[in-house]
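Enquirer:
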Amino acid sequence: MRKLSKSKQQASGGLDLIPAESCAIPADGQACSIMPAVLADEPAGSVEKDLSRRRFLGMFGAVAGATAVLGTGVELLSYRAYAQGLPKTNNWTGNSGMTGSGAADMASTQAPPTHQWAMVIDLSMCNGCGSCTAACQKAHYLTPDQTWMKVFELTDTTGQTYHLPRPCMQCENPPCLHVCPVHATFRQEQGVVLVNQDRCIGCRMCMAACPYEARYFNWNSDVKYPPIPVEATPEFPVPQRLGTVGKCTFCVGNLNHGLLSECAAGCQMGAIYNGDLKTDVAVNSAGTTVKLSKFLDDNNAVTFKPEQNTHPRVWYILGHGQNLNADASTAKS
Amino acid sequence: MKETDINESALLNENGQRDAEQAWAADVRRAAIRPTIGRASVAWKLSVTVLGLVVLAGLGAWIYQFKRGLGAAGYNDQAFWAVYIVDVVTFIGVSYGGAVISAILRLTGQSWRAPLTRLAEGTALVTVLIGALFIFPHLGRPERFWEIPIYVNTSSPLFWDFMAISTYVLATVIFFYLPLVPDMAIVNKTLGRADRPARFRIYKALSLKWMGNERQRRLLHSVLTLISLIIIPLAVSVHSVLSWAFATTSRPGWMESVFPPYFVIAALYSGTALVIVVASAFRKGYRLERFITKRHFVRLGYIMAALGLVYAYLTIADLLSEGYTGITSGWIRQTIAGRYAIPFWFYVVFGEVLPIALVAVKKTRNIKGMTVASVGVVIALWVKRIVIVLPPVTQPLIGGFWGTYHFTWVSITITVAGVAAIPFGLMLLFRFLPVLSIDEMEEMGELGSVEQVSKETLAVQKQAPAYAYANGNGHVNGNGVGMPEKEVQL
Chain V
29 MRKLSKSKQQ ASGGLDLIPA ESCAIPADGQ ACSIMPAVLA DEPAGSVEKD LSRRRFLGMF
89 GAVAGATAVL GTGVELLSYR AYAQGLPKTN NWTGNSGMTG SGAADMASTQ APPTHQWAMV
149 IDLSMCNGCG SCTAACQKAH YLTPDQTWMK VFELTDTTGQ TYHLPRPCMQ CENPPCLHVC
209 PVHATFRQEQ GVVLVNQDRC IGCRMCMAAC PYEARYFNWN SDVKYPPIPV EATPEFPVPQ
269 RLGTVGKCTF CVGNLNHGLL SECAAGCQMG AIYNGDLKTD VAVNSAGTTV KLSKFLDDNN
329 AVTFKPEQNT HPRVWYILGH GQNLNADAST AKS
Chain Y
4 MKETDINESA LLNENGQRDA EQAWAADVRR AAIRPTIGRA SVAWKLSVTV LGLVVLAGLG
64 AWIYQFKRGL GAAGYNDQAF WAVYIVDVVT FIGVSYGGAV ISAILRLTGQ SWRAPLTRLA
124 EGTALVTVLI GALFIFPHLG RPERFWEIPI YVNTSSPLFW DFMAISTYVL ATVIFFYLPL
184 VPDMAIVNKT LGRADRPARF RIYKALSLKW MGNERQRRLL HSVLTLISLI IIPLAVSVHS
244 VLSWAFATTS RPGWMESVFP PYFVIAALYS GTALVIVVAS AFRKGYRLER FITKRHFVRL
304 GYIMAALGLV YAYLTIADLL SEGYTGITSG WIRQTIAGRY AIPFWFYVVF GEVLPIALVA
364 VKKTRNIKGM TVASVGVVIA LWVKRIVIVL PPVTQPLIGG FWGTYHFTWV SITITVAGVA
424 AIPFGLMLLF RFLPVLSIDE MEEMGELGSV EQVSKETLAV QKQAPAYAYA NGNGHVNGNG
484 VGMPEKEVQL
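Keeping their order, the protein sequence lines are chains V and Y.
In my numbering, each residue's number is its place in the first sequence (first place is 1) plus 28.
In my numbering, each residue's number is its place in the second sequence (first place is 1) plus 3.
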């Protein structure tokens, strides 16, 4: 309980920093829209289930308007400004164009990000049912090939098979971002790597660079989308554009509205935790709320392919005898 | 084509006579200019029509692909780079050969190059344009290509590809144009204004008031030396940067330190081969047998074989270390003995063993043999690039299945159209511009350009001994049979 109230204080601190007016100054027509939550078929019942979880999620949602402004309207500018202030992991992204005093001015007029989204996947809980993939595909109207959240089957040292759900790792040092020739991939202020599909030229250099196979292209024009009342945004790129690349968005719209990501919400095993490095909290669909740093420490959480120097924001909690890198490199087709 | 179209009086010297040099010049001019004047032959028209239709079919297929998406060309998430990037690398690669061969031969003062330079530089020009155009079918949204120079990301290899390729295209155009300047003046002098005033004006503009005086010659010579010096490192940089589009990713099979020289040598190798193929075809089609002889093919064949050996060495260097340790060798296993074994061994046979054997065996070291070898190299090096691109793309990085790339009618049609565009472009080019570098050939003289000691030449000299003995300007450029080449005045 002490843990939670501390988190709450931090959340209200965030609220002070980002005043309510930010929602009244829309940078574009949809700055305050809450469309991801509307469209995403959020299982409302599961949200109501647990009090502590509701509190936590409410805290998530408190800054939704502000982040929507930052996130959709001026995402690149605000991100550049943010990048100026970050010490080490983001120094590659600072070359996006605006540098020097202009960027410093931007930084001084904008509130610091309140959340740094992360994810923890407890592999010992995963039974490989694939409901995370299904939930993700349903929410984002993906084709069956587009497995933004993909479950791989690996074999551990004892010969047991286990499952590896793989979302986008939201790397702090994303190779996809560095290789994009037109800055269509960017990293927003909450640490989520997104694709601006209006900007993307479809060169697929990011697909070549990603060590996690997390990117999926829109190859065919014959994909049918239902009529969708809002325009696609990097946070919620639906419908996808032909000839551009797409990938897991961490459902950052959901997170900012106090909802779990689709995959976490869809996971009946509670194996997927949405977390926030700032408030140091993570929560799963079973309503378990944990202190993120301690949870990672206690369970010896690892990142996938650390040798790639990507610094993922997705951590895995391994079961006995499981070694992600070794098991992935020896996996048979 | 009427012989009378050439102003014969322009071929005579000051005394109104035809001496040996003048006779040689007349022959060169006639051969080079003839294809640009008069009515085109039926064969030319037919070839251009057929090739043009193939190019049009490719454009149609590309429009279809633009509407339907890259899926129509067989692409999928586990084969996200395939045939078009191979085409880009291949076409820009063969262009490199034409440019660098010409530049190196120019810098080292190889006088025998003279009949080949225009063809080599023309091939470089046409293929680099085709290669650059293949970027468009490669892109998912080609209509947003303009963003690359606008939303610049200097940390992206593709931005540097863009810079390198566009600089190289510019350099190739200059490199093609500069030796053309004196030729434009010559063509104008030979053709006269009356017949085709429009063309006369264009040639005149292109000739930049060339008079052929000492100062202009010195200037042209130094500019050509300079551009030759520039184009070699520039071409090295283009292919290195192209290779870094692959080698800067973390994919096993691409992240190889050998990649830049690997690509550069592949480009030179296939480029030399294409020069041989083009020389062979135009020699026949444009009746250049007298100027482009067996000697040219054999020498180019030697260069090609040497490059082929270097390329084989780099291929082994690429495969051996990883294959030996086995750390990331899934793609090597698939290349040598798995799903990519057929194209890989096709390359080994037709891209290395066969051409080098044809050069090595004296009996096949002739025009026909070199042409067959070169056709093999050009095709096999395209196949080899498929083997370079596809295994690392289709390999699973986390586990699961190998991806597959299937050729579709769309990707085949577009690629074939690119191939057809080479002769198509060259034939149109040499309908308008002289197919031989007239000025250079005259400068080198007959003895610099045509083989001396072969029986073939002996026969020619018997027929027309004046070519070998007389000379108008007083300088010695020949003492008959067996004159050593180095005495030729350059």
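A virtual CB, placed ideally from N, CA and C, is assigned to each residue, including glycine.
1) So the alpha helix (DSSP H) V:His206 belongs to, where does it begin and stop?
2) If you scan the region 217-277 of chain V from start to end, which runs of the alpha helix (DSSP H) of 4 or more residues do you find wholly inside it?
3) Verify the CB distance criterion: does V:Arg215 have a CB-CB separation below 7 Å to chain Y?
4) If I measure Cβ to Cβ from V:Ala197 and keep anything under 8 Å in the same chain, skipping five residues before and after, which residues do I get?
5) Going by Cα to Cα distance, which pick from V:Lys306, V:Val207, V:Arg227 is closest to V:Gln268?
6) Any chance you could list the alpha helix (DSSP H) runs of at least 4 consecutive residues sitting entirely within the region 266-336 of chain Y, in chain order?
7) Y:Lys48: buried (16+ other C-beta within 10 angstroms of its C-beta) or exposed?
8) V:Leu222 versus chain Y: which residues are under 7 Å apart at the beta carbon?
9) Within 8 Å, do at least three Cβ pairs link the region 423-438 of chain Y to the region 206-223 of chain V?
10) Could you work out which residues of chain V lie near Y:Ser210, taking near to mean beta carbons separated by less than 7 Å?
11) Using only alpha-carbon positions, find the residue among Y:Val129, Y:Ala167, Y:Tyr305, Y:Gly288 that is nearest to Y:Val239.
12) Classify Y:Leu54 as helix, strand or coil using the three-state DSSP reduction.
13) Who are the Cβ neighbours of Y:Phe349 in its own chain at under 8 Å, not counting the five residues just before and after it?
14) Under a Cβ-count criterion, where at least 16 other Cβ atoms within 10 Å of its own Cβ denotes burial, should Y:Met373 be classed as buried or exposed?
15) Rounded to a whole number of angstroms, what is the C-alpha to C-alpha distance between Y:Leu194 and Y:Met444?
16) Which residue marks the beginning of the alpha helix (DSSP H) containing Y:Pro118, and which one marks its end?
17) Could you tell me the alpha carbon to alpha carbon distance between V:Gln350 and V:Met153, rounded to whole angstroms?
18) What in chain V is Cβ-close to Y:Arg336, meaning under 9 Å?
19) Use the C-beta contact count for Y:Ser225: other C-beta atoms within 10 angstroms, 16 or more gives buried, fewer gives exposed.
20) Buried or exposed: where does Y:Glu146 fall if 16 or more other Cβ atoms within 10 Å of its Cβ makes it buried?
21) Please tell me whether Y:Thr338 and Y:Val390 are closer than 7 Å, where the distance is taken between their beta carbons.
22) Which word fits Y:Ala64, buried or exposed, when buried means at least 16 other C-beta atoms lie within 10 angstroms of its C-beta?
23) Please report the straight-line C-alpha distance between Y:Lys5 and Y:Arg33, rounded to a whole angstrom.
24) Any contact of the region 391-404 of chain Y with the region 77-86 of chain Y, i.e. 3+ C-beta pairs under 8 Å?
25) Going along the chain, which residues of its own chain have a beta-carbon closer than 8 Å to the beta-carbon of V:Asn123, five neighbours each way excluded?
26) For a contact defined as C-beta to C-beta under 7 Å, what are the partners of Y:Ala147 on chain V?
27) Quick one, which residues of the region 230-241 of chain V are near chain Y if we go by CB-CB under 9 Å, in chain order?
28) How would you call Y:Glu259, buried or exposed, if buried means at least 16 neighbouring beta carbons within 10 angstroms?
29) Under 6 Å: does the beta carbon of Y:Gly341 sit that close to some heavy atom of the ligand NAP?
30) Mind checking if Y:Ile151 is an interface residue toward chain V, Cβ cutoff 7 Å exclusive?
31) For Y:Val31, count neighbouring Cβ atoms within 10 angstroms of its own Cβ and tell me buried if that reaches 16, exposed if not.
32) Which residue's Cα is closest to the Cα of Y:Leu393: V:Cys199, V:Tyr190, V:Ala236, V:Pro193?
33) On the DSSP letters alone, give me the boundaries of the beta strand (DSSP E) that V:Tyr301 sits inside.
34) Per the contact definition of three or more C-beta pairs closer than 8 Å, is the region 184-198 of chain V in contact with the region 145-159 of chain V?
35) According to DSSP, simplified to helix, strand and coil, what is V:Asn337?
36) Quick one: does V:Asn248 have its CB under 7 Å from some CB of chain Y?
Expert: If we stick to the structure as given:
1) Per DSSP, V:His206 is one residue of the alpha helix (DSSP H) stretching across 203-207.
2) Segments of the alpha helix (DSSP H) lying fully in the region 217-277 of chain V: 233-237.
3) Judged by the 7 Å Cβ criterion, V:Arg215 is not in contact with chain Y.
4) The sequence given here has Met at residue 197 of chain V, not Ala. The residues are Tyr240, Ala242, Thr331, Phe332, Thr338, Pro340, Arg341, Val342.
5) Of the residues V:Lys306, V:Val207, V:Arg227, the one whose Cα lies closest to the Cα of V:Gln268 is V:Arg227.
6) 297-328, all fully within the region 266-336 of chain Y.
7) Classification for Y:Lys48: exposed.
8) Identification of chain Y residues near V:Leu222 by a Cβ-Cβ cut-off of 7 Å yields none; the smallest Cβ-Cβ distance measures about 16 Å.
9) Contact between the region 206-223 of chain V and the region 423-438 of chain Y is not established, with fewer than three Cβ pairs separated by less than 8 Å.
10) Chain-order list of chain V residues neighbouring Y:Ser210: empty, with the shortest C-beta distance near 40 Å, by a criterion of under 7 Å.
11) Comparing alpha-carbon positions, the option among Y:Val129, Y:Ala167, Y:Tyr305, Y:Gly288 lying closest to Y:Val239 turns out to be Y:Ala167.
12) Three-state DSSP puts Y:Leu54 in a helix.
13) For Y:Phe349, where only same-chain residues beyond five positions count, the Cβ hits under 8 Å are Ala383, Val386.
14) Note on Y:Met373: 16 or more other CB atoms within 10 angstroms of its CB, so buried under the neighbour-count rule.
15) Looking at the two C-alpha atoms, the distance is approximately 19 Å.
16) First-last of the alpha helix (DSSP H) with Y:Pro118: 117-136.
17) Their Cα atoms are separated by approximately 13 Å.
18) Going along chain V, no residue has its Cβ under 9 Å from Y:Arg336, so there is no contact; the nearest lies around 11 Å.
19) Under this definition Y:Ser225 is an exposed residue.
20) With fewer than 16 Cβ atoms within 10 Å of its Cβ, Y:Glu146 is classed as exposed.
21) Yes; because the gap between Cβ atoms is below 7 Å, this pair is in contact.
22) Label assigned to Y:Ala64: buried.
23) Low confidence applies to Y:Lys5: its pLDDT is 40, below 50, so where it sits in the model is not reliable, and the reading given next is rough at best. Approximately 11 Å, taken between the alpha carbons.
24) A contact exists between the region 391-404 of chain Y and the region 77-86 of chain Y.
25) Below a pLDDT of 50, predicted positions are generally treated as unreliable, and V:Asn123, at 35, falls in that range; the measurement from the model is reported next regardless. Cβ neighbours of V:Asn123 beyond the five flanking positions: none.
26) The amino acid occupying residue 147 of chain Y in the given sequence is Arg; Ala does not appear at that position. Ile229, listed in chain order.
27) For the region 230-241 of chain V, which is checked against every Cβ of chain Y, the residues closer than 9 Å are Gly230, Cys231, Arg232, Met233, Met235, Ala236, Ala237, Cys238, Pro239, Tyr240, Glu241.
28) So Y:Glu259 counts as buried.
29) With respect to the ligand NAP, the structure offers nothing, as it holds no ligand at all.
30) Under the Cβ distance rule, Y:Ile151 counts among the residues neighbouring chain V, one pair being separated by less than 7 Å.
31) By the Cβ-count criterion, Y:Val31 is buried, with 16 or more other Cβ atoms from all chains shown falling within 10 Å of its own Cβ.
32) Y:Leu393 has its Cα closest to that of V:Ala236, out of V:Cys199, V:Tyr190, V:Ala236, V:Pro193.
33) It spans 300-304 - the beta strand (DSSP E) in which V:Tyr301 sits, taken as one unbroken run.
34) With the cut-off at 8 Å, the region 145-159 of chain V and the region 184-198 of chain V touch.
35) In this structure, DSSP gives V:Asn337 a state outside helix and strand, which the three-state scheme calls coil.
36) Interface residue, yes.
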